[in-house]
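Numbering (UniProt numbering), first residue to last: 1 to 1025.
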């Protein structure tokens, strides 16, 4: 017996197939499975069964039957009629395509079988039929055929949003303005056009359209691929053949997407719109297409052929022009991409032999641990709940119900002392669960190892993706190896990490059995030490009641004990003498006006926040000779920078400073400038005993490594000041590692200074549940949203100011040209940033010959490339974009620009690797090499967005604010315009005539497509092509 829900699901899927021209003919299981999983499941706003269950239900209802176990035959049995309308609480497309109103008038009151018109009923609601299958989600996800980086829209939080464009609006007026814009018009047309695309590509009524002399042609999806070299001219033919009964008339051949390099020509002038041509039975008509290879990239051009015999019909063909260069061919994928096999997590504890521990002779650790670091294992119930999306499920136990209710209650409540420990502890557990799952994607079946020649007691294991930290391995990590037929695992400890391989130490049993060429299954594990340190910090924050730091309040009584506020300062960095905001921040930090609340230095890009932090440390040492300062940052690179600036010009004695590295860090990665103040001596790391460590006035280390000081039991009165740079990049449990156990919450000691910018990159997390419930919100960002740190509002339009006693916003940018700064300044910083970069330096390339507009040092180079993957790397790369990057670098180096002054940012690790490889290759620019002279292109700095800054919105901000005197952006404008920030920047470049590359004129594209569809009356026939 079939239930109403089963019947509704079956009806919905078959209606979707029919609306896309797939439900009338036989199909294969694989093709239907692909349509179901990739198209239908994302187009509805309710949960659906698996494809196998759906197929089973269709057979039970007699709607399909299987032929030979592979082919599916659709029966003519009447479907169950119980469709209901679904209300979507979302403003969306409410306009028809051109011609739909004519069709409604011609229907003479009859109901259309397929409802394709959006009808708004009531304020803020939309009603559409189940058989519409528009890809909208009414509660959480907004998904459509149009690729969009903004897919998570909560309509309850913001009712004024356009689901089709994934555009957020604050008012109804803004929504109406959006609907009249080119972006909405184009997306509306594209969306409705795509609904019928699968039917349009089919040959009809005995008429076929094919292509001759092309790279490849797919009859199934109507795609014609043409490979072409940069600068080459190629021609191919469209052959229109009439195999039907009687003559057919070809009315038009319309290129729906403008491309200057593609032209059509034929004898009768049909492609020019001059005439129509009649094609006799069994005859064919040829149309010549000419294409010019302009620059590297992929260009997709839809061409619509319109015919008539007894009635009008159309056939769609898509020409994909692939333009290659010598470099793009060199960067072809090394091997086809193979997703890593899904790891099998054994429910039983594996039996293993311990690995060879690290050699203690390589380090000297005299810093005794007096405080226990527990294991903080993940509760089994929480693992189960996480596997079910933190929701109730069939078979849930009473204990799991209680834990789920408590956990969700903590997640949904505002963070407070009462739920602080429980909430952060559970979020850390959820993040670790996801980390454990993700790292298993890198497991290596059937791999071999070899004996290390230099150290015979160790084995060398080659790890694909190691260079791009996939997986990320450090000295001391553990891996496990076993033969496929064995249950017993052997633990291996990583002793040496190199570019492509690691040296692993196994126990004696494994080494005795090892034979060259023997294959093993290798699995990787998560290094739990950082997570355990964060768990301890959260526990200690609750035990020590550090609420004055974590939930601070402030009143003017705190100023009574601040006599230093009016003292005369002699600044080490003379530039600060001319910067009132930096002076203000240093004075208030030294005076301690915020105690016991943390003082925040809010530093937008290029405003000198690290310079301000270092100056404040130096002034603290002047005014408090007995002070002990702990300076931290989330990463080694940011921490190294603090140490470098502290010892500049010998303004602080090197004997007073210790750069404390983790004992597992490669010393080769330590900058030369700070090696003489590092805990490294006689070719090995050392940690002095607490008595000697306490003599250093300034200790500089990472947040996690500061946990080693906590373990050593330093008294809370020892460190008087704690500075955390780039604090916006650390999760809150990580940021409180140096706070919990090292500072006094009540008393004279315990001044905390947080430095960073919440508008730039935040913590990098993996668990979507942990992200959803706030683990990605840093301590800096959370405090800046709390009462004491908010802007003090004024009655005028200035927007108010910050309370300088607890927070200072730096507003003078010393890095970028004013044009580079303009858009991010308006989007993120209330248009308060002032351009103070040296005028000669910032205008260095303002007249560069490659600039589309002289005096405006910005270029947006549009290129439509193909995102590719290779081997087992999940990261993407785009050869066409890399080609353009190398061309610009070659042009810059041919002038007076040094490679050390050029930086390239990419969001993908594999793209970074390919750009570095391309810089080495460089042969396609041999004619320019003579002009480059002795310049070494490989010295160009190339890295990911995260690497250049010591979330899409934040990544955009970081990417466009790194440049000083020239900003070149390379990407696909048709995709980037879907993001509101990139759309704003594209519009900015277009208005200032700074755009070049592939054709992109959004207003013209929308208007041109609208006009062409009007001329074809395609809008009227989209429903019944």
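Think of the CB as a built atom: it goes at the ideal place given N, C-alpha and C, for glycine as much as any other residue.
If we count the other Cβ atoms within 10 Å of its Cβ and call it buried at 16 or more, is residue i buried or exposed?
{"i": "residue 490", "result": "buried"}
{"i": "residue 471", "result": "buried"}
{"i": "residue 351", "result": "exposed"}
{"i": "residue 457", "result": "exposed"}
{"i": "residue 834", "result": "exposed"}
{"i": "residue 380", "result": "exposed"}
{"i": "residue 498", "result": "exposed"}
{"i": "residue 466", "result": "buried"}
{"i": "residue 133", "result": "Bear in mind that a pLDDT of 25 at residue 133, under 50, signals an unreliable position, so the number given afterwards is only what the model happens to contain. Label assigned to residue 133: buried."}
{"i": "residue 560", "result": "exposed"}
Which whole-angstrom value describes the C-beta separation of residue i and residue j, a residue pair presumed to lie in contact below a C-beta threshold of 8 Å?
{"i": "residue 209", "j": "residue 305", "result": "6 Å"}
{"i": "residue 688", "j": "residue 900", "result": "Their Cβ separation, rounded to whole angstroms, is 37 Å, which puts residue 688 and residue 900 out of contact at 8 Å."}
{"i": "residue 713", "j": "residue 370", "result": "4 Å"}
{"i": "residue 807", "j": "residue 602", "result": "6 Å"}
{"i": "residue 385", "j": "residue 531", "result": "Not really, about 19 Å apart at Cβ, beyond 8 Å."}
{"i": "residue 320", "j": "residue 439", "result": "Not really, about 37 Å apart at Cβ, beyond 8 Å."}
{"i": "residue 824", "j": "residue 960", "result": "6 Å"}
{"i": "residue 646", "j": "residue 614", "result": "6 Å"}
{"i": "residue 282", "j": "residue 270", "result": "About 20 Å separates the two Cβ atoms, so there is no contact after all."}
{"i": "residue 224", "j": "residue 240", "result": "Contact flag wrong, Cβ pair sits at about 14 Å."}
{"i": "residue 229", "j": "residue 293", "result": "6 Å"}
{"i": "residue 64", "j": "residue 56", "result": "Contact flag wrong, Cβ pair sits at about 10 Å."}
{"i": "residue 522", "j": "residue 444", "result": "4 Å"}
Give the DSSP-derived three-state secondary structure of residue i in the structure shown.
{"i": "residue 881", "result": "helix"}
{"i": "residue 596", "result": "coil"}
{"i": "residue 763", "result": "coil"}
{"i": "residue 482", "result": "strand"}
{"i": "residue 752", "result": "strand"}
{"i": "residue 285", "result": "strand"}
{"i": "residue 571", "result": "coil"}
{"i": "residue 270", "result": "coil"}
{"i": "residue 441", "result": "helix"}
{"i": "residue 257", "result": "coil"}
{"i": "residue 969", "result": "strand"}
{"i": "residue 728", "result": "helix"}
{"i": "residue 227", "result": "strand"}
{"i": "residue 12", "result": "helix"}
{"i": "residue 832", "result": "coil"}
{"i": "residue 406", "result": "helix"}
Have a look at residue i and residue j and give me their C-alpha separation to the nearest angstrom.
{"i": "residue 492", "j": "residue 733", "result": "30 Å"}
{"i": "residue 45", "j": "residue 877", "result": "Caution applies to residue 45, whose pLDDT of 47 falls short of 50 and renders its modelled position unreliable; the value that the coordinates give is listed next. Taking the straight line joining both Cα atoms gives about 33 Å."}
{"i": "residue 334", "j": "residue 872", "result": "11 Å"}
{"i": "residue 192", "j": "residue 185", "result": "11 Å"}
{"i": "residue 840", "j": "residue 964", "result": "11 Å"}
{"i": "residue 17", "j": "residue 957", "result": "42 Å"}
{"i": "residue 446", "j": "residue 519", "result": "5 Å"}
{"i": "residue 124", "j": "residue 541", "result": "Below a pLDDT of 50, predicted positions are generally treated as unreliable, and residue 124, at 28, falls in that range; the measurement from the model is reported next regardless. Approximately 46 Å between the Cα atoms of the pair."}
{"i": "residue 802", "j": "residue 53", "result": "59 Å"}
{"i": "residue 702", "j": "residue 533", "result": "13 Å"}
{"i": "residue 1109", "j": "residue 583", "result": "Absent from the structure is residue 1109, since the part of the chain shown begins at 1 and ends at 1025."}
{"i": "residue 375", "j": "residue 843", "result": "56 Å"}
{"i": "residue 966", "j": "residue 717", "result": "49 Å"}
{"i": "residue 7", "j": "residue 61", "result": "8 Å"}
Got a sec: is the Cβ-Cβ distance from residue i to anything in chain C below 7 Å?
{"i": "residue 888", "result": "Within the model displayed, chain C is absent; a lone protein chain is all it includes."}
Would the segment 629-645 count as touching the segment 656-663 if we require 3 or more Cβ pairs under 8 Å? The segment 629-645, when compared against the segment 656-663, does touch it at the 8 Å Cβ threshold.
Give a yes or no on contact between the segment 556-572 and the segment 759-768, applying the rule of three or more CB pairs nearer than 8 Å. Judged by Cβ distances under 8 Å, the segment 556-572 makes no contact with the segment 759-768, as fewer than three pairs qualify.
Contact the segment 711-728 vs the segment 773-785: 3+ CB pairs below 8 Å: Yes, the segment 711-728 touches the segment 773-785.
Decide yes or no for the touch test of the segment 496-513 against the segment 674-681: beta carbon pairs closer than 8 Å, at least 3 of them. The segment 496-513 vs the segment 674-681: no contact.
I'd like to know if the segment 598-616 and the segment 803-821 are in contact, where contact means that at least 3 CB-CB pairs between them fall below 8 Å. A contact is defined here as three or more CB-CB pairs under 8 Å, and the segment 598-616 meets this definition with respect to the segment 803-821.
Would you call the segment 284-293 and the segment 224-240 touching, i.e. three or more CB-CB distances under 8 Å? The segment 284-293, when compared against the segment 224-240, does touch it at the 8 Å Cβ threshold.
Per the contact definition of three or more C-beta pairs closer than 8 Å, is the segment 647-658 in contact with the segment 728-742? With fewer than three CB-CB distances shorter than 8 Å, the segment 728-742 does not count as touching the segment 647-658.
Spell out a yes or no on whether the segment 546-554 and the segment 413-429 are touching, meaning 3 or more CB-CB pairs, one atom from each, closer than 8 Å. A contact exists between the segment 546-554 and the segment 413-429.
Inspect the CB distances between the segment 873-893 and the segment 974-991 and report whether three or more fall short of 8 Å. Because the criterion of three Cβ pairs below 8 Å is not met, the segment 873-893 and the segment 974-991 do not touch.
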